[in-house]
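Remarks on the structure that follows.
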Amino acid sequence: MNLTLKIYRQDGPNAKGRMETYQVADISEHMSFLEMLDVLNEQLVAKGEEPVAFDHDCREGICGMCSLYINGEAHGPDRGVTTCQLHMRKFKDGDTIYIEPWRSKAFPVVKDLVVDRSSFDRIMAAGGFVSVNTSGNTQDANAIPIPKTDADKAFDAATCIGCGACVATCKNASAMLFVSAKVSQLALLPQGKVERTHRVLNMVERMDKEGFGNCTNTGACEVECPKGISLENIARMNREYLKASLTADKD
Ligand code: SF4
Ligand code: FES
Numbered sequence: 003m004n005l006t007l008k009i010y011r012q013d014g015p016n017a018k019g020r021m022e023t024y025q026v027a028d029i030s031e032h033m034s035f036l037e038m039l040d041v042l043n044e045q046l047v048a049k050g051e052e053p054v055a056f057d058h059d060c061r062e063g064i065c066g067m068c069s070l071y072i073n074g075e076a077h078g079p080d081r082g083v084t085t086c087q088l089h090m091r092k093f094k095d096g097d098t099i100y101i102e103p104w105r106s107k108a109f110p111v112v113k114d115l116v117v118d119r120s121s122f123d124r125i126m127a128a129g130g131f132v133s134v135n136t137s138g139n140t141q142d143a144n145a146i147p148i149p150k151t152d153a154d155k156a157f158d159a160a161t162c163i164g165c166g167a168c169v170a171t172c173k174n175a176s177a178m179l180f181v182s183a184k185v186s187q188l189a190l191l192p193q194g195k196v197e198r199t200h201r202v203l204n205m206v207e208r209m210d211k212e213g214f215g216n217c218t219n220t221g222a223c224e225v226e227c228p229k230g231i232s233l234e235n236i237a238r239m240n241r242e243y244l245k246a247s248l249t250a251d252k253d
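Residue numbers for the sequence shown follow the working numbering, beginning at 3 and rising by one.
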């Protein structure tokens, strides 16, 4: 495949951004999207030009690092995959592909396609943890029976990889799907009950402070989430938040 790439370039956090046009030739349909960008970068390096900066780590849909807005969709045109799992067979010879970084005030651009997602880390630090001892002297897992439905819902919520596609997709740049997945994962299990009240209050407060927008139930986040995190988690977080707001001073 021969392709035209229109790529967002920004030299640094305070530099002005611009779209640049590049051509790549002989791209195999079996390549991943990131491998296609590797080909482009090899071309640029060979010509003595600055390669395009983009985030990646595992390249197998686990770490949540890859974060590209491709032809107006977070993680591109496929469903249930991250950018690193997207294959070039989803495109046609002669296509023009627009590649941009996540757009959100809370995800400032560091360089080119790389954004700073440390706001997610700060939300996690505000409450996304359990303080019960989980090493050394833990009980046998079977000593605490957990209803299968709760275990399944907690597991589904735990598949969130923190990629930020939900934020990039949302017209309000809301982080509610991400935060609700993290709150749900812990609220559904006995280990998470200890800090349950303060967790949801602190994580939501941090989310607001970081500059994420609010949820207006559009549902685009659920559609574009590579892990299929359900909007049900947002409803659960809202219930957790309301309950916590009414009982926090009694804890
Ligand atoms: S909820 Fe989905 S889109 Fe949002 S950070 Fe988690 S995995 Fe990514
Ligand atoms: S590089 Fe790890 S999820 Fe894409």
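Ideal Cβ positions, reconstructed from N, Cα and C, are used throughout, including at glycine. Note that this is a predicted model, so its numbers are computed, not measured.
My guess is that residue i and residue j are in contact by the Cβ rule of under 8 Å, so how many angstroms apart are they, rounded?
{"i": "Tyr100", "j": "Lys211", "result": "With a Cβ gap of about 32 Å, Tyr100 and Lys211 do not count as contacting."}
{"i": "Ala159", "j": "Leu203", "result": "With a Cβ gap of about 19 Å, Ala159 and Leu203 do not count as contacting."}
{"i": "Met205", "j": "Gly129", "result": "4 Å"}
{"i": "Val169", "j": "Met239", "result": "No, Val169 and Met239 are not in contact; Cβ-Cβ is about 15 Å, not under 8 Å."}
{"i": "Met122", "j": "Phe56", "result": "Reading off the sequence, residue 122 comes out as Phe, not Met. Contact doesn't hold; Cβ gap of about 18 Å is too wide."}
{"i": "Ser232", "j": "Glu242", "result": "About 15 Å separates the two Cβ atoms, so there is no contact after all."}
{"i": "Asp70", "j": "Asp80", "result": "Looking at the sequence itself, residue 70 is Leu, so the reference to Asp does not match. So it is not a contact: roughly 12 Å between Cβ atoms."}
Just list the residues that DSSP pairs residue i with in beta bridges.
{"i": "Ser69", "result": "Beta-bridge pairing links Ser69 to no other residue."}
{"i": "Arg11", "result": "Arg20"}
{"i": "Thr85", "result": "Answer by DSSP bridge pairing: none, since Thr85 is not bridged."}
{"i": "Val116", "result": "Lys113"}
{"i": "Gly215", "result": "Ser176"}
{"i": "Thr98", "result": "Thr6"}
{"i": "Val26", "result": "Leu5"}
{"i": "Ala76", "result": "Tyr71"}
{"i": "Met103", "result": "It should be noted that the sequence gives Pro, not Met, for residue 103. According to DSSP, Pro103 bridges with Leu70."}
Which residues in the same chain as residue i place their Cβ atom closer than 8 Å to its Cβ, once the five residues preceding and following it in sequence are excluded?
{"i": "Asp152", "result": "Leu190, Leu191"}
{"i": "Val196", "result": "Val132, Ser133, Val134"}
{"i": "Arg61", "result": "Ser34, Leu36, Cys68, Cys86"}
Below 8 Å, is the gap between the Cβ of residue i and the nearest heavy atom of the ligand FMN?
{"i": "Phe214", "result": "Among the ligands present in this structure, namely the ligand SF4 and the ligand FES, the ligand FMN is not found."}
So, for residue i: in the same chain, excluding its five sequence neighbours on each side, which residues have a beta-carbon less than 6 Å away from its beta-carbon?
{"i": "Lys252", "result": "For Lys252, the predicted structure reports a pLDDT of 45, less than 50, and the residue's modelled location is therefore unreliable. The matter cannot be settled from this model."}
{"i": "Asp256", "result": "What the structure shows of the chain is the stretch from 3 to 253, and residue 256 is not part of that stretch, so it cannot be assessed."}
{"i": "Ala27", "result": "Asn4"}
{"i": "Asp97", "result": "Leu5"}
{"i": "Glu31", "result": "Met90, Arg91"}
{"i": "Ala177", "result": "Val169, Met209, Phe214"}
{"i": "Met38", "result": "Ile29, Met90"}
Cβ atoms of residue j and residue i: under 9 Å apart, would you say?
{"i": "Ala156", "j": "Ser106", "result": "no"}
{"i": "Ala183", "j": "Asn219", "result": "no"}
{"i": "Thr171", "j": "Ala76", "result": "yes"}
{"i": "Glu226", "j": "Ala167", "result": "yes"}
{"i": "Ala222", "j": "Lys150", "result": "no"}
{"i": "Met209", "j": "Ile72", "result": "no"}
{"i": "Arg198", "j": "Ala237", "result": "no"}
Quick one: residues in its chain with C-beta nearer than 7 Å to the C-beta of residue i, no 5 flanking neighbours on either side, listed in chain order?
{"i": "Pro2", "result": "Nothing about residue 2 can be reported from this structure: the residues present for the chain run from 3 to 253 only."}
{"i": "Gln187", "result": "Ala156, Ala159, Ala160"}
{"i": "Glu22", "result": "Ile9, Arg11"}
{"i": "Gly213", "result": "Lys107, Ala108"}
{"i": "Tyr24", "result": "Leu7, Ile9, Leu42"}
{"i": "Asp95", "result": "Met3, Asn4"}
{"i": "Val47", "result": "Pro53"}
{"i": "Ile146", "result": "Pro192"}
{"i": "Asp154", "result": "none"}
Classify residue i as buried or exposed, calling it buried when 16 or more other Cβ atoms lie within 10 Å of its own Cβ.
{"i": "Glu207", "result": "exposed"}
{"i": "Gly164", "result": "buried"}
{"i": "Gly63", "result": "buried"}
{"i": "Lys229", "result": "buried"}
{"i": "Thr140", "result": "exposed"}
{"i": "Pro103", "result": "buried"}
{"i": "Gly82", "result": "exposed"}
{"i": "Asp114", "result": "buried"}
{"i": "Leu248", "result": "exposed"}
{"i": "Arg201", "result": "buried"}
{"i": "Gly138", "result": "exposed"}
{"i": "Gly19", "result": "exposed"}
{"i": "Gly194", "result": "buried"}
{"i": "Gly74", "result": "exposed"}
{"i": "Gly78", "result": "buried"}
For chain D, find out if any of its Cβ atoms is closer than 9 Å to the Cβ of residue i; answer yes or no.
{"i": "Asn43", "result": "In the displayed structure, chain D is absent; only one protein chain is listed."}
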